[in-house]
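The block underneath contains the structure these notes are about, expressed in C-alpha cells.
There are 2 protein chains.
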Amino acid sequence: MSVKTTNEIDIVKVAQSKIASVDFDNLAFGATFTDHMFVCDFREGKWHKPQIKPYEPFLLDPSAKVFHYGQAIFEGMKAYKDEAGDVWLFRPDQNLDRLNKSAVRMAMPEIPEDIFMSGLHQLIDLEREWVKFGLGNTLYIRPFMIAIGSGVVAAPSTQFRFMIILSPAKAYYSGEVKVLIAEHYSRAANGGIGAAKAAGNYSAQFYPTKLANEKGFQQVIWTDDATHTKLEEAGTMNVFFRINDTLLTAPTSERILDGVTRKSLIALAKREGIKVEERSVLVSELIEGMKDGSLKEIFGAGTAAVVNPIVGFSYQDTYYELPKMADSFALQLKDKLTKIQYKLAEDTFGWTVKI
Amino acid sequence: MSVKTTNEIDIVKVAQSKIASVDFDNLAFGATFTDHMFVCDFREGKWHKPQIKPYEPFLLDPSAKVFHYGQAIFEGMKAYKDEAGDVWLFRPDQNLDRLNKSAVRMAMPEIPEDIFMSGLHQLIDLEREWVKFGLGNTLYIRPFMIAIGSGVVAAPSTQFRFMIILSPAKAYYSGEVKVLIAEHYSRAANGGIGAAKAAGNYSAQFYPTKLANEKGFQQVIWTDDATHTKLEEAGTMNVFFRINDTLLTAPTSERILDGVTRKSLIALAKREGIKVEERSVLVSELIEGMKDGSLKEIFGAGTAAVVNPIVGFSYQDTYYELPKMADSFALQLKDKLTKIQYKLAEDTFGWTVKI
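Heads up: the protein sequence lines correspond to chains A and B, in order.
Read left to right, the first sequence gives residues 136 to 490 (the numbering used here).
Read left to right, the second sequence gives residues 136 to 490 (the numbering used here).
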C-alpha cells in the first residue's frame, strides 16, 4: 500500500528525549506518552498547517465545547516493529475511514487523507525508537479530534483540534475475563451514535461496568436496548461466539462499531475455512449452547485487546463457565493476526503499511 | 430557603473588570463570560480547597479523559435581579440534586452541597454587577464537571474538576420555532444516559439537528428509539402538548431529563387549575389532534429557553401549522414563572433563593 505524504508539517523537536526514563517492561496501558504529538487545527472552515511538537498540555477555555457537549471522537491503532527493525501500521485506511464516519455523525469536519496519513507517518517515524521489538510490544496510536470552540450554547463548534498521541504498550488485559450480559443498561440507541467512536459512548458505559466489576466481572456484553435479547458488543471490543465450529458475531449497524480487528478476524477465519455468520446472536442461544454443549468459546476483538478470550459469562444471576478448548479459535486467530501484524507471516491481504 | 455557606474558598480577584467593554444590549447566548470562575478539584478520593479566580483558560494533558471518553456533566441555571437590585437564584437545590444524579450515572464523584452552594453564592455575589435589571436579562450559570485525569484507557478518571462559569444573557431563542419529529435518529436508549445531563447527550444531537436545520426546522422533537411513536423531549428542552385544555408531557424516565423548568411549569399549571397529565404522548395523538382541532399548542421548556412556543411541526414530510391561541398556556405559564423568578409575583412555592 502506498501512502500519500506531504512535507508540509512544522516540526519542533524536544531538546532531550525522555525515552531513557521509561521502564518498557512495566507499562500501564495508555499511561506513558512519547516525546512528540501531532496537532492540526480546524477553524474558519478549513484545516490549518499541521505541527509535530513536544508532547505537552495545552490551554482551553472553560467554555470549550468539548467540556460541555462532548463533541469528541477518536481512533485506536497500533504500530509494530518487525525482526528487521522496520515499523508497520495495520490497516490505517480503515481507521481514517471510520474516523471520518464518526466525524460526520458528530457534526465535525472530516480529516483529509494527506493530513491524517502524513501526520501518522512522520510522527511515528520520529518516534520509531519507542516501538520495541517483540510479540506483544506495540506503540498504541491515539488519533482524536475535539471541539475547541468556546461558548455554552448547545450547537456544533466551528473550531476543532485533531491530534495524534502515541503510547508504548504491552498487552491490554491481564488475567481471566469474565463478562456480565446486560439486562438493564445499554450502550446505544437505534438512531443513536453507537457506530461512531464518539467519546460519549465510553463514559456512558463506566457506571454499569463499575457495577459489573463490583460483582467480579471485567466487562459487560451489551444487548439491544429495547429487548435485551440480542448480543451486541463489549465495552472496548466487538464480541465473537463459537457455536460448534461456526463463528458468530453481530452485524455492524448504527448501534455497533465497525471494528478493524473484527473485520480482520472475519477475513482470516474465512481464509482458514472457518464458517462465519454475521447475524444477530441471541442471549438464549448462549444459554441453549451451554446446556447442549454447543457453545465452545466467546472472545472479544479490538485494537487494544487484540483477541481476548472470555472464560465465562453471567446472565440472570447464573454464571456459565465456558469449556477450555484445545483448538481455540480465539487463540488460533490471534496467532494468525499478530503474525501478520509483526510481519512474521505473509500478509496476503495487503493490510500492513510500512512507516 | 437557607443555604449552608462556607468561607473556605480562596478568592483571587481580577485587577480590572472587563464589564465596561461588554455590550449588554447585544449578547449572543453563552458567548460572554464574567470576570471570575469557581474551580474545585477532586483527586486522591476527595474534593480539595475551592477557588474563585479570574476567568481564564487552563491547561489539560492531551490524554485527559474528558477528551477521549466524554466523562463530563453540566447544569444550566440562571440568576435574576429584582426591582430592589437584589439577585436571586431559582431552585438551585434541584440543580444540585440533578447534577449529583448525573455524577453517579457517569461514574463521577458527587459534589458536596456546601461546595456547590457556597461556590454559587460567593461567585455570584462577586459578579452581581453582571446581573442586569429588566425582564429577559439574566445571568446564565453553568456549573460543570469534567474528568481531568490522564491516560487513554477506557476507565473512569480518578481526577475531576468542578467549575462554575457565568454568562450574562438575553433570551435564548429568537424567531419562530418549527420542529421536526424524529423518525430515524434518537437521543437516548433505554438503560442509557438520557436522564443525565451528560455532555455526550448533546453532541449526539448535533448532526440530526443540523439535518433538521437544513430543512428549515430549529429543533428536533425526539421519539423513543424502538418505535419512534412516543414523543420524548427536544434538544435542550422538555416538551409540552396542549390537547383541548389538558397539558401533556412525557413522564421523566431514564431516557428523559428531569427538567427544573418542566417540573416548575407542572406545579404552576396545577395551581392555576390546568389539568396536567404526565404520560407518554404519541405522535399519532398530535396528528389526530391536528385533524380534529383538539391540538392547541406545543411548547418547549428549559432553563435557557424558559418557555418556547412552537409554531408547527413536521412529521412524515407533512408540515402541521399550529393555531394561534389567544389564551396560550405557554405564554400564561411563562409569564407566571418569570414573574416569580424576577420577584414580581409572590413565590408561594419557596423556589427563589437570595444571593
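Just so it is clear, CB atoms sit at the ideal spot from N, CA and C, and this is done for glycine as well.
Where residue i falls: helix, strand or coil (DSSP)
| i | result |
| --- | --- |
| residue 261/A | helix |
| residue 359/B | coil |
| residue 196/B | coil |
| residue 489/A | strand |
| residue 137/B | Any reading at residue 137/B is ruled out, since the residue's pLDDT is 34, under 50, leaving its predicted position unreliable. |
| residue 144/B | coil |
| residue 381/B | strand |
| residue 387/A | coil |
| residue 437/B | strand |
| residue 483/A | coil |
| residue 293/B | coil |
| residue 243/B | coil |
| residue 304/B | strand |
| residue 464/A | helix |
| residue 279/B | strand |
| residue 248/B | helix |
| residue 285/B | strand |
| residue 430/A | strand |
| residue 410/B | strand |
| residue 274/A | strand |
C-beta atoms of residue i and residue j nearer than 9 Å
| i | j | result |
| --- | --- | --- |
| residue 120/A | residue 167/A | Outside the displayed span of chain A (136 to 490) sits residue 120/A, for which this structure offers no information. |
| residue 362/B | residue 317/B | no |
| residue 301/B | residue 169/B | yes |
| residue 421/B | residue 450/B | yes |
| residue 206/A | residue 291/A | yes |
| residue 208/B | residue 234/B | yes |
| residue 401/A | residue 221/A | no |
| residue 96/B | residue 373/B | Because residue 96/B is not part of the residues shown, which for chain B are 136 to 490, the question remains open. |
| residue 227/A | residue 182/A | no |
| residue 313/B | residue 448/B | yes |
| residue 411/B | residue 365/B | no |
| residue 416/B | residue 464/B | no |
| residue 344/B | residue 395/B | no |
| residue 101/B | residue 282/B | Outside the shown range of chain B, which is 136 to 490, sits residue 101/B, and nothing can be said about it. |
| residue 433/B | residue 323/B | no |
| residue 184/A | residue 147/A | no |
| residue 342/A | residue 338/B | no |
| residue 201/A | residue 201/B | yes |
| residue 165/A | residue 304/A | yes |
| residue 294/B | residue 398/B | no |
| residue 268/A | residue 216/A | yes |
| residue 461/A | residue 393/A | no |
Rounded separation between residue i and residue j - CA only
| i | j | result |
| --- | --- | --- |
| residue 471/A | residue 403/A | 8 Å |
| residue 355/B | residue 143/B | 44 Å |
| residue 327/B | residue 370/A | 14 Å |
| residue 139/A | residue 297/A | Any reading at residue 139/A needs caution, since the residue's pLDDT is 40, under 50, leaving its predicted position unreliable; the model's value is listed next. Their Cα atoms are separated by approximately 19 Å. |
| residue 441/B | residue 224/B | 14 Å |
| residue 261/A | residue 286/A | 36 Å |
| residue 473/A | residue 270/A | 8 Å |
| residue 231/B | residue 251/B | 7 Å |
| residue 325/B | residue 386/B | 14 Å |
| residue 334/B | residue 155/A | 39 Å |
| residue 241/B | residue 430/A | 34 Å |
| residue 352/B | residue 360/B | 20 Å |
| residue 190/B | residue 196/A | 9 Å |
| residue 177/B | residue 236/B | 17 Å |
| residue 218/B | residue 348/B | 39 Å |
| residue 425/A | residue 378/A | 10 Å |
| residue 469/A | residue 332/A | 23 Å |
| residue 299/B | residue 276/B | 7 Å |
| residue 136/A | residue 152/A | Here the model assigns residue 136/A a pLDDT of 34, short of 50, so the residue's position is not dependable and the matter cannot be decided. |
| residue 457/A | residue 310/A | 15 Å |
| residue 141/B | residue 149/B | Caution applies to residue 141/B, whose pLDDT of 48 falls short of 50 and renders its modelled position unreliable; the value that the coordinates give is listed next. Each residue's alpha carbon lies about 22 Å from the other. |
| residue 82/A | residue 272/A | As shown, chain A starts at 136 and ends at 490. That puts residue 82/A outside it, with no answer to give. |
Residue-chain proximity (residue i, chain D), Cβ-Cβ < 9 Å
| i | result |
| --- | --- |
| residue 291/B | Within the model displayed, chain D is absent; protein chains A and B are what it includes. |
Where the beta strand (DSSP E) containing residue i begins and where it ends
| i | result |
| --- | --- |
| residue 447/B | 441–450 |
| residue 313/A | 312–316 |
| residue 454/B | 453–456 |
Run of the alpha helix (DSSP H) containing residue i, from where it starts to where it stops
| i | result |
| --- | --- |
| residue 396/B | 395–406 |
| residue 425/B | 418–427 |
Original post:
Which residue spans inside the stretch 325–378 of chain A form an unbroken alpha helix (DSSP H) run of at least 4?
Top reply: The stretch 325–378 of chain A contains these whole alpha helix (DSSP H) runs: 334–349.
Subject >> Ordered list of alpha helix (DSSP H) runs contained in the stretch 167–233 of chain A, each at least 4 residues >> reply: Runs of the alpha helix (DSSP H) spanning 4 or more residues and lying entirely within the stretch 167–233 of chain A occur at 200–204, in chain order.
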